[in-house]
Amino acid sequence: MFKKILVVEDFESASISVQKALKDLKISEEDADFVYYCDAAFELFKKSMAENDPYDLLITDLSFVPDYKIQNLKSGKQLISEIRSISPDLKILVFSGEKRAQKIRFLFDDLKINGFVSKGRMDVKDLKKAINTIYKDQKYLSQENLVHIRKNHAIELTTVQYNLLKLLSEGVFQKDVPQYLKQKNIKPNSLSSIEKIISQLKVTFQAKNNEQLIAICKDLGVL
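Residues 1 to 223 in the UniProt record's numbering are what the sequence shown spells out, letter by letter.
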């Protein structure tokens with residue numbers, strides 16, 4: 001299990017949920033540092049790197065209420081971006097009230113977070129699931145957000161995403177997809193781009209393989 005955790009949260013009620021989850025997972029209080037500000041969190045993180053004793057999990061909110069302290073990093077998104085620039089492999093779990101599907105997808109696709117949990121009635125249970133899942137090198141998205149993203153994603157597919165999924169559903173092998181896309185003048189159409197798009201779609205829909213991805217998309221009416 002994780003041995004050194006950095007928690008960035010400015011609301012006591014949310015911090016209590018994280019503390020409860022860590023306690024239930026038998027993670028010692030001494031193994032977790034709680035801070036209220038993103039600037040303070042980034043300084044702690046850089047210090048741990050300099051001392052060759054880095055954190056192995058970051059749990060952070062996205063929004064922080066401004067107060068009398070002037071901050072350079074004003075959001076969890078900014079903090080994640082800065083930390084990713086010096087520690088690309090760090091496991092990151094976002095614990096937030098954010099509900100917008102596009103914003104959550106951005107966190108996974110662009111900031112490469114490992115998990116997202118919504119604040120709410122069942123957040124302690126979800127936090128425990130998320131931490132265990134991330135520890136096993138898997139990504140986690142709470143069920144509530146997964147359903148919401150699936151519903152919204154259906155109307156947000158790009159041309160290349162739709163055509164890629166359609167070709168796969170018709171039995172075209174992944175390695176042959178670039179040829180079909182080139183014939184239709186659809187870009188990007190390189191094999192590496194196709195592999196990246198498929199990987200992102202699997203994360204979004206929590207599909208383990210192409211077959212499951214197609215099945216989910218058909219159930220949602222995407223195809």
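For every residue, glycine included, the Cβ atom is placed at its ideal position computed from N, Cα and C. In this text the structure is predicted, and so the values were computed from the model without any measurement.
Can you give the Cα-Cα distance for residue i and residue j, rounded to whole angstroms?
i: L6; j: R105; result: 23 Å
i: L168; j: N189; result: 14 Å
i: E30; j: L181; result: 54 Å
i: G120; j: P178; result: 43 Å
i: L93; j: A50; result: 23 Å
i: T159; j: K3; result: 44 Å
i: V124; j: E12; result: 14 Å
Comparing the C-beta of residue i with each C-beta of chain B, is any distance below 8 Å?
i: I113; result: The structure shown has no chain B; it contains just one protein chain.
For residue i, does the count of other Cβ atoms within 10 angstroms reach 16, so buried, or fall short, so exposed?
i: N114; result: buried
i: S28; result: exposed
i: I16; result: exposed
What span of residues does the beta strand (DSSP E) with residue i cover, start to end?
i: A24; result: The question names Ala, yet the displayed sequence has Asp at residue 24. D24 -> not in any beta strand (DSSP E); alpha helix (DSSP H) instead, spanning 12-24.
i: S81; result: Premise fails: S81 lies in the alpha helix (DSSP H), 76-86, not in any beta strand (DSSP E).
i: I186; result: Unbroken run through I186: none, as it is neither H nor E.
i: S118; result: 115-118
How far does the alpha helix (DSSP H) with residue i in it reach, from first residue to last?
i: D219; result: 210-219
i: L62; result: Here L62 belongs to no alpha helix (DSSP H), and DSSP marks it neither H nor E.
i: D33; result: Per DSSP, D33 belongs to no alpha helix (DSSP H); it is in the beta strand (DSSP E), 32-35.
Apart from the five residues on each side of it in sequence, which residues of its chain come closer than 8 Å, Cβ to Cβ, to residue i?
i: Q161; result: I197, L201
i: L25; result: M1, K128, I131, N132
i: S75; result: C38, L62, S63, F64
Across which residues does DSSP place residue i in a beta bridge pair?
i: V7; result: F34, I59
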